[in-house]
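Going by the UniProt record's numbering, 11 is the number at position 11 of the sequence shown; the sequence numbering is gapless. Backbone N, C-alpha and C define an ideal beta-carbon position, used for all residues, glycine too.
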Amino acid sequence: MDCSERIEALIDAPSADAIDTARVLLGQFKGESETLAQAIDDFLLDLITLVFVVEATREGFHNPARRLARMRLTRIRLLLA
């Protein structure tokens, strides 16, 4: 399983541990470019938001938050390709 697949799995099972794991996995790419660093920061912010939404709100809000995190992950994947 590659890095992006592992991160995508974290989107489906969000937790505080998922945030730390994503930070570690993405940390290896942060110095490659300013654009990639910003994409990583945007993704992590969305993942943190997703964890909050899952822990604090009704299930109806979960899928939109997951969709946003997946869109941000797609940007990272494109920048790494």
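7 Å CB neighbourhood of GLY27 in its chain, flanking five on each side removed:
Locating residue 27 in the sequence shown gives position 27, where the first residue counts as 1. For GLY27, where only same-chain residues beyond five positions count, there are no Cβ hits under 7 Å.
Option in GLY31, VAL24, PHE43 with minimal Cα separation from ALA69:
What you label residue 69 is simply residue 69 of the sequence shown in a count that begins at 1. Checking every option, the nearest Cα to that of ALA69 belongs to PHE43.
Between PHE29, LEU45, GLU32, GLY60, which has its C-alpha nearest ALA16's C-alpha?
Taking the sequence shown and counting its residues from 1, one reaches residue 16 at position 16. The residue with the shortest Cα to Cα distance from ALA16 is LEU45.
Would you report the Cα separation of ARG6 and ALA13, rounded to the nearest angstrom?
Taking the first residue of the sequence shown as position 1, residue 6 is located at position 6. Taking the first residue of the sequence shown as position 1, residue 13 is located at position 13. If you take the alpha carbons of ARG6 and ALA13, they lie about 11 Å apart.
For LEU78, count the other beta carbons within 10 Å of its own beta carbon; 16 or more makes it buried, fewer makes it exposed. Which is it?
Translated into the one-based positions of the sequence shown, residue 78 becomes position 78. Exposed, since its Cβ has fewer than 16 Cβ neighbours within 10 Å.
What residue from VAL54, LEU10, ILE19 has the CA that sits closest to ASP41's CA?
Position 41 of the sequence shown holds residue 41. It is ILE19 whose Cα lies nearest to the Cα of ASP41.
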